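>
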Amino acid sequence: MIPPTGSGEFDLIARIRARVRDRGDVVVGIGDDAAVLQPPPGQQLAITTDTLNVDVHFFAQTRAYDLGWKALAVNLSDLAAMGAEPAWCTLSLSLPESDPAWLDEFLQGFLDLAGEQRIALVGGDTTRGPLSIAVTAIGCVDAGRALRRAGACVDDDVWVSGALGDAAAALAQWPTPRDALRRRLDRPQPRVALGRRLLGLAHSAADVSDGLLADLGHICRASGVGAEIWLPTLPASDALLDLAEVERVVWQATGGDDYELCFTAAVSQRDAIVRLGEELDLGLTRVGRIVPGHEVTALDASGQPWQGARQGYVHF
Ligand code: ADP
Ligand code: MG
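For the sequence shown, my numbering begins at 88 and goes up steadily by one.
(1) Are there 16 or more other CB atoms within 10 angstroms of the CB of V245, so buried, or fewer, so exposed?
(2) Across which residues does DSSP place A32 in a beta bridge pair?
(3) Please report how far the alpha carbon of T213 lies from the alpha carbon of T149, in whole angstroms.
(4) Roughly how many angstroms separate the alpha carbons of A121 and T177, rounded to a whole number?
(5) Would you identify the three-state DSSP class for G304, choosing helix, strand or coil?
(6) By alpha-carbon positions, which one of D98, V228, W261 and R205 ends up nearest to F145?
(7) If V374 sits next to I316, beta carbons under 8 Å apart, how far is it from one beta carbon to the other, in whole angstroms?
(8) Can you determine whether any heavy atom of the ligand ADP sits closer than 7 Å to the C-beta of T223, and answer yes or no?
(9) Is A207 buried or exposed, if buried means 16 or more other CB atoms sit within 10 Å of its CB?
(10) Would you list the residues whose beta-carbon is nearer than 6 Å to any heavy atom of the ligand ADP, in the order they occur in the chain?
(11) Using a threshold of 8 Å, state whether the C-beta atoms of W175 and L124 are closer than that.
(12) Output needed for C227: all residues of its chain with C-beta closer than 8 Å, excluding positions within five of it in sequence on either side, in chain order.
(13) Hey, out of A289, W189 and L251, whose CA is closest to L327's CA?
(14) Taking buried to mean at least 16 other C-beta atoms within 10 Å of its own C-beta, is P187 buried or exposed?
(15) Quick one, which of S324, G298 and D368 has its alpha-carbon nearest D344's?
(16) Indicate the three-state DSSP secondary structure (helix, strand or coil) for Q148 in the structure shown.
(17) Using the three-state DSSP reduction, which class does R397 fall into: helix, strand or coil?
(18) With a threshold of 8 Å, are at least 3 pairs of Cβ atoms found where one atom belongs to the region 195–204 and the other to the region 152–170?
(19) Alpha carbon to alpha carbon, how far is I100 from S185? Give it in angstroms, no decimals.
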């Protein structure tokens, strides 16, 4: 392995290690050949990895702090969608050069969110190459209780958290997005507390990373059902409401990168879900229902099928 220029690999790792906070269940953390972790009795592990590549997932000018935050946030969002409690993570960094100032700022963003969500950084890898950040996050969930994409039932309500479309609007306005939109693109808030509380309440869930219609499509495929989405009910932030309606709906229905949760639940859970939203101070909006079949149909204000654009972000 070729270390970053200036042979600073070990300096960089030392900088990381010095700032990491401990958790009692980390038996061996950074500094050995592998981390050793102690899962709580009776729990299963939920494990997820996501990579952010320069020029694919973010612009080269993105602030280091925001990159650190987002690299962890997108993984925490996956744990949230499973109803798992974040516990440990690893960080694989490919850096074009050894730049301690950049690394410190990156770590600040990463560790601020890690501290908020009480997830410990327990290892990783540091190499030289085009800027790329891969994070693996591990969470715990009571055995057999993880929330899955499979499980949606005909007549379930379809719900989404927060607001949709902000991140896509920020991208469309690049390089001068409005601050409120840019913040949503750069610093997504993983809905971890919501995911944990949905255990036993929701039948299925996924996070909205590729766009609502695409991610709900994943739930439907896994569950062997279809869905109907009512476009006028999709939640929008104030910043998004200022924009023209036509674009707004496209971003809300198909824009990726919002990292809200989409979940389905029995009609009998409506009141409990509304109360949960109030308790968490997080908007939870009913946007459709599960139907027989295998298609996701979006209906416009007059109840007609929407001839929308593409259904979400596809890499290849
Ligand atoms: P090895 O060659 O055995 O893989 P490394 O030199 O890559 O060891 O890493 C030394 C230690 O530093 C390991 O515990 C590893 O997990 C940790 N580490 C390396 N890079 C990072 C990083 N970017 N973030 C957190 N820990 C790291
Ligand atoms: Mg290594």
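Glycine included, C-beta positions come from ideal geometry on N, C-alpha and C.
Treat the numbers as computed from the prediction; the structure is a model and nothing was measured.
In terms of the structure at hand:
(1) Along the sequence shown, one-based indexing puts residue 245 at 158. That one is buried.
(2) Within the shown structure, residues of the chain are numbered from 88 to 403, placing residue 32 beyond reach of any answer.
(3) Walking along the sequence shown from the start, residue 213 turns up at place 126. Walking along the sequence shown from the start, residue 149 turns up at place 62. Rounded to the nearest angstrom, the two C-alpha atoms are 20 Å apart.
(4) Taking the sequence shown and counting its residues from 1, the one referred to as residue 121 is at position 34. Taking the sequence shown and counting its residues from 1, the one referred to as residue 177 is at position 90. Those two C-alpha atoms are separated by around 11 Å.
(5) If you number the sequence shown from 1, residue 304 lands on position 217. If DSSP states are grouped into helix, strand and coil, G304 belongs with the helices.
(6) Locating residue 145 in the sequence shown gives position 58, counting from the first residue. Out of D98, V228, W261 and R205, W261 has the C-alpha closest to the C-alpha of F145.
(7) The residue you call residue 374 lines up with position 287 of the sequence shown. The residue you call residue 316 lines up with position 229 of the sequence shown. About 6 Å separates the two Cβ atoms, so the contact holds.
(8) Counting from one through the sequence shown, the residue named residue 223 turns up at place 136. False, no ligand heavy atom lies under 7 Å from that Cβ.
(9) Within the sequence shown, the letter at position 120 stands for residue 207. Per the 10 Å Cβ criterion, buried.
(10) I100, I103, I117, G118, D119, D120, L178, L180, L208, G210, G211, D212 and T213
(11) Walking along the sequence shown from the start, residue 175 turns up at place 88. Walking along the sequence shown from the start, residue 124 turns up at place 37. Going by beta carbons, W175 and L124 fall inside the 8 Å limit.
(12) Locating residue 227 in the sequence shown gives position 140, counting from the first residue. Taken in chain order, the residues that qualify are P126, P127, Q130, Q131, L132, A133, A171, E172 and A174.
(13) As a first step, residue 327 must be located in the sequence shown, where it is residue number 240. Here the closest residue by C-alpha is L251.
(14) Position 100 of the sequence shown, counting from 1, holds the residue named residue 187. P187 is exposed by the Cβ-count criterion.
(15) Taking the sequence shown and counting its residues from 1, the one referred to as residue 344 is at position 257. Taking only the C-alpha atoms, the option nearest D344 is G298.
(16) Translated into the one-based positions of the sequence shown, residue 148 becomes position 61. Coil at Q148, not helix or strand.
(17) By 1-based counting over the sequence shown, the position of residue 397 is 310. Here the model assigns R397 a pLDDT of 48, short of 50, so the residue's position is not dependable, and the following value carries that caveat. Coil at R397, not helix or strand.
(18) With a cut-off of 8 Å, the region 152–170 and the region 195–204 count as touching, because enough Cβ pairs lie within range.
(19) Taking the sequence shown and counting its residues from 1, one reaches residue 185 at position 98. Taking the sequence shown and counting its residues from 1, one reaches residue 100 at position 13. Going by the C-alpha atoms only, they are around 11 Å apart.
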